[in-house]
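Visitor: Counting from 75, one number per residue, gives the positions in the sequence shown under my numbering.
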Amino acid sequence: MKIAIMGGTFDPIHMGHLVTAEAVRHEFDIDEVLFVPTGNPPHKASMGITSAEHRYLMTVLATAANAHFNVSRIEIDREGTTYTVDTIKELSRMYGPDTQLYFITGADAVHEILNWKNSEELLQLCTFVAVTRPGYQKQQLLNHIENLRAQFHSSIKFLEVPALAISSSDIRKRVKEDSPIKYLVTSAVENYISKHNLYRHPVSFNQELVSKMSHYVKERLSQGRYEHTKGVVEMAIELANCYNVDTDKVFIAALFHDLAKEIPVEESLKLCKEYSVEIDQFEREHPHLIHGKLGACLLERDWGVTDSTILNSVRYHTVGRTHMTDIEKIIYLADMVERGRKPYPALEQIRRLAKHDLNKAMYTALSKSKEYVKSRGQEMHPITDVLLEEYKTYDI
Ligand SMILES: [Fe+2]
Ligand SMILES: [Fe+2]
Numbered sequence: 075m076k077i078a079i080m081g082g083t084f085d086p087i088h089m090g091h092l093v094t095a096e097a098v099r100h101e102f103d104i105d106e107v108l109f110v111p112t113g114n115p116p117h118k119a120s121m122g123i124t125s126a127e128h129r130y131l132m133t134v135l136a137t138a139a140n141a142h143f144n145v146s147r148i149e150i151d152r153e154g155t156t157y158t159v160d161t162i163k164e165l166s167r168m169y170g171p172d173t174q175l176y177f178i179t180g181a182d183a184v185h186e187i188l189n190w191k192n193s194e195e196l197l198q199l200c201t202f203v204a205v206t207r208p209g210y211q212k213q214q215l216l217n218h219i220e221n222l223r224a225q226f227h228s229s230i231k232f233l234e235v236p237a238l239a240i241s242s243s244d245i246r247k248r249v250k251e252d253s254p255i256k257y258l259v260t261s262a263v264e265n266y267i268s269k270h271n272l273y274r275h276p277v278s279f280n281q282e283l284v285s286k287m288s289h290y291v292k293e294r295l296s297q298g299r300y301e302h303t304k305g306v307v308e309m310a311i312e313l314a315n316c317y318n319v320d321t322d323k324v325f326i327a328a329l330f331h332d333l334a335k336e337i338p339v340e341e342s343l344k345l346c347k348e349y350s351v352e353i354d355q356f357e358r359e360h361p362h363l364i365h366g367k368l369g370a371c372l373l374e375r376d377w378g379v380t381d382s383t384i385l386n387s388v389r390y391h392t393v394g395r396t397h398m399t400d401i402e403k404i405i406y407l408a409d410m411v412e413r414g415r416k417p418y419p420a421l422e423q424i425r426r427l428a429k430h431d432l433n434k435a436m437y438t439a440l441s442k443s444k445e446y447v448k449s450r451g452q453e454m455h456p457i458t459d460v461l462l463e464e465y466k467t468y469d470i
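#1: Are the segment 341–360 and the segment 402–410 touching, with three or more C-beta to C-beta distances below 8 Å?
#2: Any chance the segment 406–421 sits against the segment 367–378, with 3 or more Cβ pairs inside 8 Å?
#3: Mark I77 as exposed unless 16 or more other C-beta atoms lie within 10 angstroms of its C-beta, in which case mark it buried.
#4: Are the Cβ atoms of K367 and V393 separated by less than 8 Å?
#5: Taking only the alpha-carbon atoms, compute the straight-line gap between V284 and R395 and give it to the nearest angstrom.
#6: Using a threshold of 8 Å, state whether the C-beta atoms of I87 and Y176 are closer than that.
#7: Roughly how many whole angstroms lie between the Cα atoms of T260 and G90?
#8: In chain order, what residues place their C-beta within less than 7 Å of a heavy atom belonging to ligand 1?
#9: Could you tell me the distance, in whole angstroms, from the CA atom of N144 to the CA atom of L329?
#10: Is any non-hydrogen atom of ligand 2 found closer than 7 Å to the C-beta of V306, if you look at the structure I gave you?
#11: DSSP three-state label for L165, please.
#12: Kindly indicate which three-state DSSP category F356 falls into: helix, strand or coil?
#13: I need the straight-line Cα distance from S120 to H360, nearest angstrom please.
#14: Could you give the distance in angstroms between the alpha-carbon of E195 and the alpha-carbon of T161?
#15: Which word fits E293, buried or exposed, when buried means at least 16 other C-beta atoms lie within 10 angstroms of its C-beta?
#16: When you compare only the Cα positions, how much space is there between C24 and A224?
#17: Our contact map puts I240 next to V249 with C-beta atoms below 8 Å; I'd like the distance itself, whole angstroms only.
#18: For the structure I just gave you, are there three or more beta carbon pairs, one from the segment 146–157 and one from the segment 294–303, closer than 8 Å?
#19: What did DSSP end up calling T321 once you bin it into helix, strand or coil?
#20: Sorted by chain position, which residues of the same chain lie with C-beta nearer than 8 Å to T133's C-beta, five sequence neighbours on each side aside?
#21: Are the C-beta atoms of E359 and some chain C residue less than 8 Å apart?
#22: Alpha carbon to alpha carbon, how far is A428 from E301?
#23: Looking at the structure shown, is I404 part of a helix, part of a strand, or coil, going by DSSP?
#24: Is H128 buried or exposed, if buried means 16 or more other CB atoms sit within 10 Å of its CB?
#25: Exposed or buried, which one is E464 when buried takes at least 16 other CB atoms within 10 Å?
#26: With H, G and I counted as helix, E and B as strand and the rest as coil, what does DSSP make of Q214?
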């Protein structure tokens with residue numbers, strides 16, 4: 075028996091995967107192609123990956139019509155991080171010594187293979203089939219394969235598959251933008267995506283993760299602050315749609331923006347010290363401003379978020395900074411004009427401007443805040459004047 079293993083997140087499985095599997099089967103006279111969807115990575119890294127059950131079921135639907143295709147739950151049912159070598163070993167035990175295993179993988183993975191866990195052992199356990207789309211730096215890959223063969227006496231094959239130009243991330247993007255995905259995925263998968271409303275607004279994370287994140291934030295905020303946060307999320311997503319900004323990122327930034335707001339001052343200062351969060355003199359004197367920087371730090375620490383656009387939006391939502399990105403402006407403004415804000419003189423004006431011109435809204439927001447703070451005999455962070463200068467051409 076010859077069995078080819080095709081691993082992947084399959085988020086979602088598309089025609090490129092199916093064509094590849096069939097091409098490998100034909101080329102190497104394979105009896106069965108076993109699709110192995112990856113499990114969901116634990117807690118931290120799982121952001122952005124649709125739940126394993128959805129991915130598994132779509133893979134089953136897509137492969138059902140081919141008698142030579144099968145799907146395994148082996149990685150989905152395993153807890154914790156999954157390594158390819160463990161999967162191959164387990165499958166090799168299951169199928170016994172008379173079965174020859176092939177492992178289908180992308181060309182990029184072949185370049186990476188030496189960084190994998192127990193790569194040497196892995197290279198002995200099965201025959202690798204490196205698949206690429208046409209036009210990939212073929213010679214470079216072939217040289218690399220030659221080296222691996224010579225070094226590890228491994229068996230690595232190579233196959234070009236035109237349909238590999240299709241990608242799962244492109245399909246997710248198309249669904250989100252309401253573009254057709256017909257003929258890019260099987261019709262069963264297309265129907266499944268639409269029935270379960272996958273990859274759509276507001277976020278492509280699975281519901282389980284969204285409720286986990288919301289629960290985490292809710293536990294750390296008073297009821298009033300949590301209501302405010304929900305208002306900021308709603309407003310920020312609305313603005314993100316006006317400016318074609320990534321709603322997933324905006325969602326996370328808005329949800330976590332006030333995460334550190336209710337940590338007592340003393341503890342905030344202690345945490346800043348512990349995590350080397352730099353705070354300036356003004357912030358030291360006005361410690362309620364620290365929660366932006368500290369919140370970003372906690373978001374990175376507790377959720378493994380490393381995306382700088384998300385972290386900076388949280389970090390600078392309190393007083394802003396020079397050269398803010400659109401997502402930073404969106405969080406800054408949504409915070410000021412969310413639906414639950416108590417009315418203040420410029421509220422409606424800033425809310426309206428925010429939907430039409432972020433820079434005009436920034437100028438008005440900054441100048442009105444300055445006026446207000448001054449009228450109460452208080453001081454603004456020195457950055458405010460620098461920002462007013464930056465946005466002065468947007469004075470309306
Ligand atoms: Fe805040
Ligand atoms: Fe806020």
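Glycine included, C-beta positions come from ideal geometry on N, C-alpha and C. For clarity, every value in this text was computed on a predicted model and none was experimentally measured.
Guide: In terms of the structure at hand:
#1: no
#2: no
#3: Taking the first residue of the sequence shown as position 1, residue 77 is located at position 3. Buried.
#4: Translated into the one-based positions of the sequence shown, residue 367 becomes position 293. Translated into the one-based positions of the sequence shown, residue 393 becomes position 319. No.
#5: In the sequence shown, the residue the question calls residue 284 occupies position 210. In the sequence shown, the residue the question calls residue 395 occupies position 321. Taking the straight line joining both Cα atoms gives about 29 Å.
#6: In the sequence shown, counting from the first residue as 1, residue 87 sits at position 13. In the sequence shown, counting from the first residue as 1, residue 176 sits at position 102. Contact: no.
#7: Numbered from its first residue, the sequence shown carries residue 260 at position 186. Numbered from its first residue, the sequence shown carries residue 90 at position 16. Approximately 11 Å between the Cα atoms of the pair.
#8: H331, D332, K335, H365, G366, H391, T392, D409
#9: Position 70 of the sequence shown, counted from the start, is the residue given in the question as residue 144. Position 255 of the sequence shown, counted from the start, is the residue given in the question as residue 329. Distance between the alpha carbons of N144 and L329 is about 40 Å.
#10: As a working note, residue 306 is residue 232 in the sequence shown. Yes.
#11: Here residue 165 is taken as the residue at index 91 of the sequence shown, counted from 1. Correct three-state label for L165: helix.
#12: Locating residue 356 in the sequence shown gives position 282, counting from the first residue. It is helical.
#13: As a first step, residue 120 must be located in the sequence shown, where it is residue number 46. As a first step, residue 360 must be located in the sequence shown, where it is residue number 286. Since pLDDT at S120 reaches only 46, below the 50 mark, its modelled position is unreliable, and the value read off the structure follows with that caveat. So the two alpha carbons sit approximately 36 Å from each other.
#14: For the purposes of this step, residue 195 is taken as the residue at position 121 of the sequence shown. For the purposes of this step, residue 161 is taken as the residue at position 87 of the sequence shown. Answer to the nearest angstrom: the Cα atoms are 12 Å apart.
#15: Sequence index remark: in the sequence shown, residue 293 carries index 219 (1-based). So E293 ends up on the exposed side.
#16: Residue 24 falls outside the range modelled here, since the chain spans only 75 to 470, and no answer is possible.
#17: Position 166 of the sequence shown, counting from 1, holds the residue named residue 240. Position 175 of the sequence shown, counting from 1, holds the residue named residue 249. That pair is no contact at about 14 Å.
#18: no
#19: Along the sequence shown, read from residue 1 onward, the residue named residue 321 stands at position 247. Helix at T321.
#20: Here the question's residue 133 lines up with position 59 in the sequence shown. Correct list, in chain order: F84, I87, F109, P111, V145.
#21: Among the chains in the structure shown there is no chain C, since it carries only a single protein chain.
#22: Indexing the sequence shown from 1 puts residue 428 at position 354. Indexing the sequence shown from 1 puts residue 301 at position 227. A direct Cα-Cα distance of roughly 21 Å separates A428 from E301.
#23: Along the sequence shown, read from residue 1 onward, the residue named residue 404 stands at position 330. Here I404 sits in helix by DSSP.
#24: For the purposes of this step, residue 128 is taken as residue 54 along the sequence shown, with counting starting at 1. By the neighbour-count rule (16 or more Cβ atoms within 10 Å), H128 is buried.
#25: Counted from its first residue, the sequence shown places residue 464 at position 390. Buried, since its Cβ has 16 or more Cβ neighbours within 10 Å.
#26: Working through the sequence shown from its first residue, we reach residue 214 at position 140. Helix, per DSSP.
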